[in-house]
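Protein sequences, first through last, are from chains S and D. Just so you know, the first sequence maps onto residues 1 to 373 in full-length UniProt numbering. Just so you know, the second sequence maps onto residues 1 to 373 in full-length UniProt numbering. Quick reminder that beta carbons are idealized off the backbone N, C-alpha and C, glycines included. Values in this document were obtained by computation on a predicted structure and should not be read as measured data. For reference, the structure is listed below as structure tokens.
Number of protein chains: 2
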Amino acid sequence: MRTELCERFGIEYPFVGFSPSEHVVAAISRAGGLGVLGCVRFNDPDELDAVLTWLDDRTEGRPYGVDVVMPSSVPVEGAPADLDRLIPAGHRDFVERTLLRLGVPPLGVDNSQRAGVLGWLHSVARSHVEVALTHPVRLVANALGPPPPDVIAQAHERGVVVAALAGRADHARGHVASGVDLVVAQGYEAGGHTGEIASMVLVPEVVDAVGAQVPVLAAGGIGSGRQIAAALALGACGVWMGSVWLGTAEYQSSAALREALLRAGSADTVRSRVYTGKPARLLRNRWTDAWSEEAAPRPLPMPLQNLLVAEAHTRLMASDDPTVVPMPVGQIVGRMNEVRPVADVLADLAAEADETLARLGTLSWRRLPPGSG
Amino acid sequence: MRTELCERFGIEYPFVGFSPSEHVVAAISRAGGLGVLGCVRFNDPDELDAVLTWLDDRTEGRPYGVDVVMPSSVPVEGAPADLDRLIPAGHRDFVERTLLRLGVPPLGVDNSQRAGVLGWLHSVARSHVEVALTHPVRLVANALGPPPPDVIAQAHERGVVVAALAGRADHARGHVASGVDLVVAQGYEAGGHTGEIASMVLVPEVVDAVGAQVPVLAAGGIGSGRQIAAALALGACGVWMGSVWLGTAEYQSSAALREALLRAGSADTVRSRVYTGKPARLLRNRWTDAWSEEAAPRPLPMPLQNLLVAEAHTRLMASDDPTVVPMPVGQIVGRMNEVRPVADVLADLAAEADETLARLGTLSWRRLPPGSG
């Protein structure tokens, strides 16, 4: 199924695949989709630069993009040490006590991850964009709304498409007014940062709001060809998928994470502020449950919450216990039941979507003759 | 677009329309859908009997159904006076103080609604089914899972289809094992009692779980033809719509409710236990906001919560203030922008759905020739 998105990027399928893993991103682009690398994990811009150089080689000239996390408002900014001082002692105590109670061992001598993820900081996200624009990226997406005007201008100078995620139609209108070229309507069921309006309602609302001006992608809850066809029915010209790639062979995850993902059903996620300070959908487990107990403190605002839990995340991951892994994932995790190569997943998505579109066409009274659309 | 649902009930469109209003239900059935009357408001079975007799006349021989609310577990049962004693004084105080603060006047001399809605009681719901089975109803749906075996057996003896709502695939499997003939997969975005899994994820999951055995309808977030086409893409053989009819001319609402519905956007609902004790999606307003404040008590379990707020609901409705009306409604309330007759709404839904199906068919590589499906 070709849509204007395919023409725009020169891709075979109107599928944008987001992943923090360059291995997944390269495989998506090679298989005919548009791979988008999540940059938030890169504290050091040089490290991102090296990974993008690797991607330039591995995408075989196919287009790819990057995703940054640039909050539109920046309540707190500063060096890690300054920020650390803003974290209440009671919150630190709660984290320590909870880890102890969950049986999560302390870290070994290598405390290198102590600094946490700084990609939530505006300055760090800005460095990601600057590095990305020195590579042949075709898309810069921002998870938290439109990037600042000068960032958009820089991207446009280089012919790079600027995309922004939107959880509400009024936000989408604002994005387009700010100069965004492509809107990703991301529903409540999505993994990671997400709003409260579900895809079924949100996608047509965003399409009606801005679809005449810019292409709209549907995100949230999409992990099968039927769901892709549904997104096209709702007026999207393509889909943005993230969670589905966590179950692929190219995604290098720990055994504990893999087990947790394969085991989880669609009801085993929770939308919570414990990961970053903003509502994000996560695997629900003993760690997230602890934060929803009566005695738990309220999560801190972004970026403090992630600094608070950064070391805990490293410990939870290192514990190799599938019942505590901290992981953003959408409700389609319930569909993740085996580990397969990206190319196979993508081919199946395309085949099922196409089969569904053909079936739907035969349900119409009109039964339009081939080629008349 | 005809599906097996049309054959099953002899209806023109695979649209089931739920409403507490017999005027809406009759109009839906006359216009080619399947109208389903919500019975929970009938404390007196004789009143339901009279309304069904009215419906028998007004549906002109077209099929219609009823919807009851029969909890699968019945934690508390008894006469209203006994139940009243189980309501803590602190909760009553909170309700009174909140109404005062919101500027909601007390009721006049007519306190007839003081008893609240008893339809949440198992015994009352059972009487609804008994009355309904003396009428030519074609469908009995239960909002809270499968009815008890003897109720299913009674319905089957009379050739009546038994439907049950499901918010999870495992619940749907249980419903079918209990003898239910049709499953309504109701997503998070729906109005009234609803689960946490959004339609985009839930519908194909339920179809995969039970679709080979029984027809599956999609409910939640559906109020346009594109959304109907999306539901069919997800594997549903039809849709169940409730909220969309609240904006029709046949739905006799107060001026305050109508204004509140027309004004609300898709973000102006909240999923809360304040209406009945079980999570239900409602219009978000000053009343629901008061219940989510820090100092508010936790809602009581069903059926106590509804008894607690029954008089308050009457007062809130009587206050004619659009900022406090207590009303279950789904996220598609954002699409409700004018008051139109049921027949016009239904015709537009069908036309847009068909147009969408035809458009989708042309997107397929296969472009199946007409009639080959």
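Cα-Cα separation between residue i and residue j, rounded to whole angstroms
i	j	result
Trp291/S	Val274/S	7 Å
His128/S	Arg335/D	39 Å
Asp320/S	Leu282/S	17 Å
Gly221/S	Leu165/D	21 Å
Ala355/D	Arg359/S	The sequence given here places Glu at residue 355/D; Ala does not occur at that position. Spanning the two alpha carbons is a distance of roughly 14 Å.
Val24/S	Ala233/D	28 Å
His156/D	Pro149/D	10 Å
Val309/D	Gln186/S	36 Å
Gly324/D	Arg284/D	This sequence places Val at residue 324/D; Gly is not what is there. So the two alpha carbons sit approximately 9 Å from each other.
Leu83/S	Pro136/S	34 Å
Thr276/D	Gly361/D	43 Å
Gln213/D	Val176/D	8 Å
residue 381/D	Ala26/D	With chain D covering 1 to 373 only, the question about residue 381/D has no answer from this structure.
Pro147/D	Val66/D	13 Å
Val68/S	Ala295/D	39 Å
Partner residues on chain D for residue i, Cβ-Cβ distance less than 8 Å
i	result
Tyr13/S	Ordered by position in chain D, no residue passes the 8 Å Cβ test against Tyr13/S, which lies about 11 Å from the chain.
DSSP-derived helix/strand/coil call for residue i
i	result
Arg340/S	strand
Val162/S	strand
Trp365/S	coil
Val151/D	helix
Ser112/D	In this predicted model, Ser112/D has a pLDDT of only 49, less than 50, meaning its place in the structure is not dependable; the value taken from the coordinates is given anyway. In the structure shown, Ser112/D sits in a helix (DSSP, three-state: H, G or I).
Leu234/S	coil
Val95/S	helix
Ala219/S	strand
Thr59/S	coil
Ser199/S	helix
His193/D	strand
Asp82/S	helix
Leu107/D	coil
Ala141/S	strand
Gln213/D	coil
Arg335/D	helix
Ile11/D	coil
Leu182/D	strand
Within chain S, the residues that residue i reaches when beta carbons sit closer than 7 Å
i	result
residue 386/D	Because chain D in this structure spans residues 1 to 373, residue 386/D falls outside the shown range and cannot be described.
Thr356/D	Ala233
Buried versus exposed call for residue i [16 or more other C-beta atoms within 10 Å across all chains shown]
i	result
Leu316/D	buried
Leu139/S	buried
Ser123/S	exposed
Gly159/D	exposed
Thr288/D	buried
Thr98/D	buried
Arg2/D	exposed
Arg298/S	exposed
Arg8/S	buried
Asn306/D	buried
Thr134/S	exposed
Trp240/D	buried
Glu96/D	exposed
Glu60/D	exposed
Gln252/D	exposed
Ala89/S	exposed
Chain-ordered chain D contacts of residue i [CB-CB under 9 Å]
i	result
Met1/S	Leu360, Leu363, Ser364, Trp365
Ala209/S	Chain D residues near Ala209/S: none, gap ~11 Å exceeds 9 Å.
Ala219/S	Ordered by position in chain D, no residue passes the 9 Å Cβ test against Ala219/S, which lies about 10 Å from the chain.
8 Å CB neighbourhood of residue i in its chain, flanking five on each side removed
i	result
Ser112/S	Because the pLDDT at Ser112/S is just 49, under 50, the model does not fix this residue reliably, and the point stays unresolved.
Ser254/S	Met317, Asp320, Val325
Proximal residues of chain S, C-beta to C-beta of residue i below 8 Å
i	result
Gln186/D	Neighbours of Gln186/D on chain S: none; closest Cβ ~12 Å, over 8 Å.
Ala198/D	Gly187, Tyr188, Glu189, Ala198, Ser199, Met200, Gly220, Gly221, Gln331
Contacts around residue i, its chain only, beta-carbon distance under 6 Å, and the 5 residues preceding and following it disregarded
i	result
residue 430/D	Nothing about residue 430/D can be read from this structure; chain D reaches only from 1 to 373.
Ile152/D	Val162, Gly179
Pro279/D	Arg271, Arg273
Tyr13/D	Gly32, Gly33, Ala350
Chain-ordered chain D contacts of residue i [CB-CB under 7 Å]
i	result
Ala264/S	Simply none; closest approach about 12 Å.
Leu205/S	Checking the displayed sequence, the identity of residue 205/S turns out to be Glu instead of Leu. Per Cβ cutoff of 7 Å: Ser266, Gly334.
Ala26/S	Those within 7 Å of Ala26/S in chain D number zero; the least Cβ separation is about 26 Å.
Arg226/S	Pro204, Ala233, Leu234, Gly235
Arg168/S	Ala267
Ala229/S	Ala233, Leu360
Residues near residue i in its chain [Cβ-Cβ closer than 7 Å; skip 5 each side]
i	result
Glu189/S	Ala198, Ser199, Gly220, Gly221, Gly330, Gln331
Arg286/D	Leu102, Thr323, Val324
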